[in-house]
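> Position one of the sequence shown corresponds to residue 140 (the numbering used here), numbered consecutively onward. From the three backbone atoms N, C-alpha and C, an ideal C-beta is built for every residue, glycine too. Predicted model only: the values in this text are computed from it and were never measured.
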Amino acid sequence: MPAAPSTRPARALRGGRPGALLLLGVAVLTSCSSPQSALDPAGPSARRLEALWWGLFAVSAVVWLVVLLCIVYALVRRRGQEVKPRGGGTRAVVVAGLIIPTLVLVGTFVATLSVMRAEAEPPDEPALTIEVIGHLWWWEVRYPDFVTANEIHIPVDRSVRVELRTADVIHSFWVPPLTSKTDLIPNMDNELWLLADEVGVYRGQCAEFCGAQHAGMAFLVIAQPADEFDEWMADQARPAETPTDPLALRGREVIESQSCAACHTVRGTEADGDIGPDLTHFGSRRTLGAGVAPNDPGWLGGWISNSQTIKPGNLMPPQPLAPEDLNALIAYLETLE
Ligand code: CUA
140 MPAAPSTRPA RALRGGRPGA LLLLGVAVLT SCSSPQSALD PAGPSARRLE ALWWGLFAVS
200 AVVWLVVLLC IVYALVRRRG QEVKPRGGGT RAVVVAGLII PTLVLVGTFV ATLSVMRAEA
260 EPPDEPALTI EVIGHLWWWE VRYPDFVTAN EIHIPVDRSV RVELRTADVI HSFWVPPLTS
320 KTDLIPNMDN ELWLLADEVG VYRGQCAEFC GAQHAGMAFL VIAQPADEFD EWMADQARPA
380 ETPTDPLALR GREVIESQSC AACHTVRGTE ADGDIGPDLT HFGSRRTLGA GVAPNDPGWL
440 GGWISNSQTI KPGNLMPPQP LAPEDLNALI AYLETLE
């Protein structure tokens with residue numbers, strides 16, 4: 140009989156240990172480079188925090204290594220021997236147990252304090268001030284001339300002051316590649332500054348547990364060259380255009396006549412609800428449901444029909460529309476660029 144093939148996986152597992160370690164290493168290293176990594180900074184604030192992170196990591200690694208070497212030394216040196224108390228050793232205890240830990244802790248504390256202080260300072264005169272309001276579970280973003288949701292555009296190399304408020308519970312605003320996190324606390328106004336010195340799309344995330352969809356409370360920060368940003372601002376400030384396509388036109392009637400209008404605003408139409416996100420330029424956004432799905436017609440249809448299957452617990456109830464109405468609504472929403 141040929142050798143049982145069933146032994147192969149076991150052998151592969153044993154022989155595959157270096158491979159597994161390599162895979163783990165790759166996973167750890169690549170996880171440092173993503174649109175949502177604090178170790179892949181794209182602005183002065185995040186760069187400061189990254190330096191602190193690596194500093195604390197290095198200090199911790201050295202302490203860990205020294206303690207481990209001491210343990211290994213003690214195990215090897217006195218193996219099988221009876222340990223006789225020799226007396227003395229007080230100096231070693233004072234130095235290694237008191238003085239060195241105190242120096243290490245005070246040093247890291249001072250380094251952390253200085254970074255915290257720098258974080259509280261505005262980087263320069265802000266190019267503009269926006270307001271971000273946390274909701275269960277999405278982000279309302281108020282620019283001086285319009286309101287949008289779950290997507291923040293900023294000009295590259297210019298700081299933007301962000302006023303943080305919440306409509307319900309405590310949330311926390313965090314864009315790891317750009318800045319430290321700041322909580323949105325009921326009855327309290329907080330602020331932070333966004334400053335990106337590289338054009339890019341950065342992912343932010345609520346960082347304070349706020350309920351079932353805490354993890355589904357993401358947003359994008361899009362740093363653009365000044366001219367692109369100005370163009371975006373001008374586009375967003377305009378009311379929604381009347382569609383020329385008959386299907387989309389019918390979709391507009393759907394949004395105005397159905398329950399959508401009670402919760403959502405589309406400027407330029409009769410929809411003026413203020414419970415859910417403003418949809419005036421919904422078609423220009425990259426995601427829907429605060430980052431839980433891409434903004435494409437398929438996901439949008441699923442979201443409108445029953446968003447509870449995509450993001451259970453969110454406030455939007457299922458919309459049992461006739462298929463023609465649903466198609467028309469999707470066509471209309473996608474024209475809202
Ligand atoms: Cu909002 Cu967690």
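(1) Please name the residue in 198, 231, 284, 203 whose C-alpha comes closest to that of residue 371.
(2) With a floor of 3 residues, list each beta strand (DSSP E) that falls wholly inside the region 251 to 321, ordered by position along the chain.
(3) Kindly identify the DSSP beta-bridge partner or partners of residue 330.
(4) Considering only DSSP beta bridges, list what residue 339 is partnered with.
(5) I want to check one thing, is the minimum distance from the CB of residue 356 to the heavy atoms of the ligand CUA below 6 Å?
(6) Could you tell me which residues DSSP puts in a beta bridge with residue 241?
(7) Near residue 388, what residues of its chain come up, given a Cβ to Cβ distance below 7 Å and the 5 sequence neighbours on each side ignored?
(8) Give me the DSSP bridge partner(s) of residue 323.
(9) With a threshold of 8 Å, are at least 3 pairs of Cβ atoms found where one atom belongs to the region 338 to 353 and the other to the region 411 to 421?
(10) Assign residue 358 to buried or exposed, taking buried as 16 or more other Cβ atoms, counted over all protein chains shown, within 10 Å of its Cβ.
(11) With a threshold of 8 Å on Cβ separation, who are the neighbours of residue 110 within its own chain once the five nearest residues in sequence on each side are excluded?
(12) For residue 304, tell me which candidate among 289, 318, 297, 323 has the shortest Cα-Cα distance.
(13) Inspect the beta-carbon positions of residue 379 and residue 321 and report whether they are closer than 7 Å.
(14) Strictly by DSSP, which residues pair up with residue 411?
(15) How is the alpha helix (DSSP H) around residue 196 delimited, first residue to last?
(16) Mind reading off the beta-carbon distance from residue 271 to residue 243? Whole number of angstroms is fine, and I expect it under 8 Å.
(17) In terms of residues, what are the limits of the alpha helix (DSSP H) holding residue 474?
(18) When the cut-off is 7 Å and only beta carbons count, does residue 345 lie next to chain C?
(19) Cβ of residue 310 within 6 Å of any heavy atom in the ligand CUA?
(20) From residue 314 to residue 287, what distance separates their C-alpha atoms?
(21) Buried or exposed: where does residue 421 fall if 16 or more other Cβ atoms within 10 Å of its Cβ makes it buried?
(22) Closest by CA to residue 476, which one among 377, 401, 353?
(23) Could you check if residue 347 belongs to the surroundings of the ligand CUA, using beta carbon to heavy atom distance under 6 Å?
(24) With 16 as the cutoff for other CB atoms within 10 Å, does residue 153 come out buried or exposed?
(25) Are residue 346 and residue 295 touching if we call contact CB-CB under 7 Å?
(26) Would you please state the rounded distance, in angstroms, between the beta carbons of residue 336 and residue 181? I believe it to be under 8 Å.
(27) Which class does residue 433 belong to by DSSP, given the choice of helix, strand or coil?
(28) Under 7 Å between the Cβ atoms of residue 410 and residue 392?
(29) What is the DSSP secondary structure of residue 399, counted as helix, strand or coil?
This is what the structure gives:
(1) 284
(2) 267 to 274, 277 to 281, 286 to 288, 290 to 294, 299 to 305, 310 to 313
(3) 302
(4) 362
(5) yes
(6) Paired residues: none, contrary to the question.
(7) 382
(8) 310
(9) no
(10) buried
(11) The first residue shown for the chain is 140 and the last is 476, placing residue 110 beyond what the model contains.
(12) 323
(13) no
(14) 404
(15) 183 to 216
(16) That pair is no contact at about 38 Å.
(17) 462 to 474
(18) Absent from the structure is chain C; it holds one protein chain and no more.
(19) yes
(20) 18 Å
(21) buried
(22) 377
(23) yes
(24) Here residue 153 scores only 45 on pLDDT, less than 50, and its place in the model should not be relied on; the value that follows carries that caveat. Classification for residue 153: exposed.
(25) no
(26) 7 Å
(27) strand
(28) no
(29) helix
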